[in-house]
Each structure stands twice: as structure tokens, then as C-alpha cells.
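Each residue of the sequence shown is one higher than the last, beginning at 7 in the working numbering.
Glycine is no exception: its CB is placed at the ideal position from the N, C-alpha and C atoms.
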Amino acid sequence: MIYDVVIIGAGVSGSAIARELSKYKLNTVVLEKFEDVCSGTSKANSAIVHAGFDAAEGSLMAKLNVEGNEMMGDLAKDLDIPFKRNGSLVVCIHKEELPGLQDLYNRGIANGVKDLKILSKEEVLAMEPNLSDDVEGALYAPTGGIICPFMLNIAMAENANVNGVDFRFNTEVEGFRKEGDVWVVRTNNGEYRTRYVVNAAGVYADNLHNMVSADKIHITPRRGDYCLLDKEMGAHVSHTIFPQPTKLGKGVLVSPTIHGNLIVGPTAIDIEDKEGTATTAEGINDLITKAGMHVKNLPVGRKVITSFAGLRAHEDHHEFIIGECKDAPGFIDCSGIESPGLTSSPAIGRMVAGIVVDLAKPEKKSDWVGTRKGITNPSTLSLEERNALIKENPAYGQIICRCESISEGEILDAIHRPLGARSLDGVKRRVRAGMGRCQGGFCSPRVMEILHRELGIPVEKITKSGGESVIAPELSKNRKGGEE
7 MIYDVVIIGA GVSGSAIARE LSKYKLNTVV LEKFEDVCSG TSKANSAIVH AGFDAAEGSL
67 MAKLNVEGNE MMGDLAKDLD IPFKRNGSLV VCIHKEELPG LQDLYNRGIA NGVKDLKILS
127 KEEVLAMEPN LSDDVEGALY APTGGIICPF MLNIAMAENA NVNGVDFRFN TEVEGFRKEG
187 DVWVVRTNNG EYRTRYVVNA AGVYADNLHN MVSADKIHIT PRRGDYCLLD KEMGAHVSHT
247 IFPQPTKLGK GVLVSPTIHG NLIVGPTAID IEDKEGTATT AEGINDLITK AGMHVKNLPV
307 GRKVITSFAG LRAHEDHHEF IIGECKDAPG FIDCSGIESP GLTSSPAIGR MVAGIVVDLA
367 KPEKKSDWVG TRKGITNPST LSLEERNALI KENPAYGQII CRCESISEGE ILDAIHRPLG
427 ARSLDGVKRR VRAGMGRCQG GFCSPRVMEI LHRELGIPVE KITKSGGESV IAPELSKNRK
487 GGEE
């Protein structure tokens, strides 16, 4: 068969594009090299919705940042995911650098950011008493926010899937050829024929672009290390705290998360390995030192429950590359999507879909469904509602993850809903089982048993995150009295 559109990459950009294209009568498929959506750059970032004052005036990055920020509230409501405009503060700790706040303010106003304000030392310390005593002032952006990147990514993909978009996992693109007006996309799982290709492959987007175009681009994986602190520290600051930015980015932030933790990071370390997400002692120590320059009394060490690293797809000119390749008709780039890519994703989806629609001229669907119901969390219900839910489905009364109070009912929903979980990390990203203080130490065996029971996957073949990441390869097949 010939698809109308092949989207490469099921991260936040690819899933946003898929959702927008699902509004049209197009036969669309998303090819993802990993075993699930949100398995690359989109799974490891600051979880911040940026206001839009940082990107260069007139840049595509600035335009889509502000548009994405403005779209996020309605999108989160439609997709039933948590989102909060907690506001952000860019903190100045050197009096001689105060003019830099005015520069950021002017840039933000030019970019269309609303309600920006420069605060005095007294004003900012009244808002955030745990800031450094060296604070001289801050830029306040009330439109800044926090969100769950997993839920956003997964929700957009689910909504696209419900509206007819196919997803093919464990499918890595290896090359292309053109047969007339048709692109043939070669993968490890066979060939896909399509009229249009959308390249949303994150840190690999340059590799794919350079296969088809003489106008080469280059993406550097920029590693960012993070520490996640226990929920006891979630109220240490209420806003997202940035230092004044440098040429390497927005610096080491300290922020509450949408789930009540405190996040510190990232570093900005350019590397060559496009899979180089291992944390380093040097990187963690660097971010702890830098964070402590702006926020005091951070109990990093005693309250850290995990550390991790993510990769940003840093394009050499620090700009989003979105558009049809001039020398490869029908091949549409969505490349160089680094911070503020998460914030920009709704606007990126709309822009890229608009390019495809202009080329393909499809009809709009009359039966498109733009809303989605998230996984029921009993802890958000009243006592009466919770009791009624448990009476109807006792699985919601069986707590599997004690750290995060996640029930068996939630895990079952995570497995059986559209594009459901097939691994421990798949469950974790959907319902947070394993994201608490013990980091899955107690609940992982129970989650594995549920995956085995519901999907028929032998326990010894259940993975952490697909591929070769099996949890218990030597586990006896004669479990529970001979049952596999």
C-alpha cells in the first residue's frame, strides 16, 4: 500500500504532527525506532513550558515558542493532562548584569510574551524566600508553566491513533529512494511507500535529511544532566527559577514539577554519541554547584531520588528547521527541535501539518475527535467517588506502587488503552509506577506480573524499555508450580 504521509519519530514533535494530520482524510503512519512513544529526547527534559523571552527576536524558534505556550492550556484541557502556569523568574545575582534583564524583557516584548515584569530584589525575595541572598533582581514571566512531558507526548499520540493514525514501533529507518512521486522508506522491518515524508527524528534528523539533500545540516547531541528531588522538597520554590542565560542555553534551573517533586538541571555538554545519556559525576556536581548559586538550602544529596540525562538536538545555528527540502520534493524537515521544543510542540504540529495539507490538499474529517480522557487517578477523587470506583472495579483498590499510590486499575488502563504500555518504562511514563522514592524497587516485580498476565509476555522476556533491556533473563520458566 502507499501511505499519504510517513512521520519518522514518535516524540513530542512527531506525535503533535500526527495529531494535527489526523484531522484530515490522510493515510498516515508514524515510524518509531524504539518500543514506545516518548522514548528519545522527549522523555528527558526540564518539563518546562517556556514563556518565550529567550529565543532570538524574529526567529522561528521564538514564534513557535510563544504560539505553543498560548496553545498549551486548551490542549492540556482537551487531552486531560496536568498543566500549571506557575510562572518563571530569571534571576540576576550580579548588580552589573542587571541591564541583561532589561535586554531579556525587551526581547520578550518583541516576541509577543505577555505580562513580563522586572522585579526588584525585595519583590523577588518576597515571592521566593529561598533564593540566594545575592539576588539583585529578576525578570518575571507569569505565562511560564510546568507540564508532564510523558503525558503530553503520550496523549497526543493516543489521540492521533484513535483518529486513525498508525504507529509502527521497533522500526528504524535505514534509507530512502524515490520512485516517481513516491518515497520508498527502507526500514529494518521492510519498506514503506508514501507520498510525503516528515522527518521528526530528533538527534538523528540530520542523518536522515543528509540522505536525501545536498544541502547538509548538522545536529550535535547536547547532553543535559538532571537531579530529581523527593516530594518533600517540591515546595522549596514555587516558580521556575532560571539564572541569566548564556550562549549554551538557559542554564541550570530549579523548579517544582507538575507531580510535586523538585527538579534541578540541566547541564549543557556537547557530545558525539547520539545515544549518550549516561550521567557523569562531573555533570551532576556541576549542576549542583550552579543551582546553589541562585537557590539556597538545596538538600541535594540527601533528597535526590534519581539522576538522569537527556539529549537536546542542537542544530549549528540554534534554530528550528521546518519546511520541505528544496532538492527533495515531498520530504519535510522538522529538525533541530531543542529547547523550547516541548513548549513549541503544539505549534510545530500545526505548522508541519499545514505544509503537508498545502501540498496534499486533503479533505477535512467531519468525525474527528479532539478530546481524550486520561487514566483515572483515584487519589484525585472524593472519598465517595473513590469508594464507588473501587466497588465497581476492585483493581483500583489494590495499591501496586506505594511510593506514588498507583493502583492495579491504573496500570491495567495504561496497558490496555490505545498505544498501551509494553514495558516497565511504558507503565512508568503513563502512571508513574516506579517514579517514587524507591524508584521501582518494590513495585517492579508486581508490574512485571501484571504485564505477563495481561499481555502473555513471559516474565523473563519483559523489558525495562524494549530491545535488550530484559529484567530477569535467567528467571526459571517453571514459576508458580510449573506455570510460565
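- According to DSSP, residue pairing for His-245 in a beta bridge does not occur.
- Within the DSSP secondary-structure output, Asn-205 pairs in a beta bridge with Ile-14 and Asp-339.
- Under the three-state reduction of DSSP, Ala-82 is assigned to helix.
- Here Leu-461 is exposed: its Cβ has fewer than 16 other Cβ atoms, across all protein chains shown, within 10 Å.
- Residue pairing by DSSP puts Glu-185 in a beta bridge opposite Val-188.
- For Gly-181, the closest alpha carbon among the candidates Phe-175, Asn-213, Asp-279 and Gly-150 is that of Asn-213.
- Distance from the CA atom of Glu-76 to the CA atom of Asp-84, rounded to whole angstroms, is 14 Å.
- Taken in chain order, the complete beta strand (DSSP E) segments of 3 or more residues contained in the segment 309-395 are 310-321, 327-330 and 337-341.
- Bridge pairing for Glu-197: Arg-192 [DSSP].
- The C-alpha of Gly-446 lies about 11 Å from the C-alpha of Thr-312.
- Residue environment for Val-375: exposed (fewer than 16 other C-beta atoms within 10 angstroms of its C-beta).
- In the DSSP annotation of this structure, the continuous segment of the beta strand (DSSP E) that includes Asp-172 starts and ends at 172-174.
- Under DSSP, Phe-89 shares a beta bridge with Ile-153.
- Beta-bridge analysis with DSSP links Gly-271 to Leu-259.
- Of all alpha-carbon atoms in Ile-115, Arg-428 and Ile-14, the one lying nearest the alpha-carbon of Val-453 is that of Arg-428.
- Taking the Cα of Thr-283 as reference, the smallest distance to any Cα among Gly-415, Ala-319 and Ala-334 is reached at Ala-319.
- DSSP places Ala-287 inside the alpha helix (DSSP H), whose first and last residues are 287-298.
- Your pair Val-43 and Ser-21 checks out as a contact, with CB atoms roughly 6 Å apart and the cut at 8 Å.
- In the structure shown, Ala-161 adopts helical secondary structure according to DSSP, grouped into three states.
- Here the segment 120-137 makes no contact with the segment 279-293; the two share fewer than three CB pairs at distances below 8 Å.
- C-alpha of Tyr-146 to C-alpha of Asn-399: approximately 46 Å in a straight line.
- Within the same chain, and ignoring the five residues on either side of Arg-91 in sequence, the residues whose Cβ sits closer than 8 Å to its Cβ are Val-55, Gly-79, Pro-148, Thr-149, Gly-150 and Gly-151.
- In the DSSP assignment, Val-97 falls within the unbroken beta strand (DSSP E) covering 94-98.
- Check the Cα spacing between Arg-174 and each of Thr-382, Leu-37 and Gly-415: the tightest is with Leu-37.
- In the DSSP assignment, Ala-420 forms no beta bridge with any residue.
- Between Val-188 and Phe-337 a beta carbon distance of about 12 Å is seen, past the 8 Å cut, so the two are scored as non-contacting.
- Burial state of Glu-73 is buried, judged by a 10 Å Cβ sphere holding 16 or more other Cβ atoms.
- Relative to Asp-221, the option among Ile-327, Lys-280 and Glu-41 whose CA is nearest is Ile-327.
- Counting along the chain, the unbroken alpha helix (DSSP H) around Lys-127 starts and ends at 127-133.
- Only buried fits Lys-69, as 16 or more other CB atoms lie within 10 angstroms of its CB.
- CA-to-CA, the gap between Arg-183 and Glu-278 works out to about 27 Å.
- Straight-line spacing of the CA atoms in Ala-161 and Tyr-30 works out to 19 Å.
- In the three-state DSSP reduction, Ser-450 falls in the helix class (H, G or I).
- Closest option to Asn-169, judged by alpha-carbon separation, among Glu-26, Leu-387, Leu-293 and Leu-395: Glu-26.
- Buried is the label assigned to Asp-431, since at least 16 other Cβ atoms lie within 10 Å of its Cβ.
- A direct Cα-Cα distance of roughly 33 Å separates Val-209 from Cys-449.
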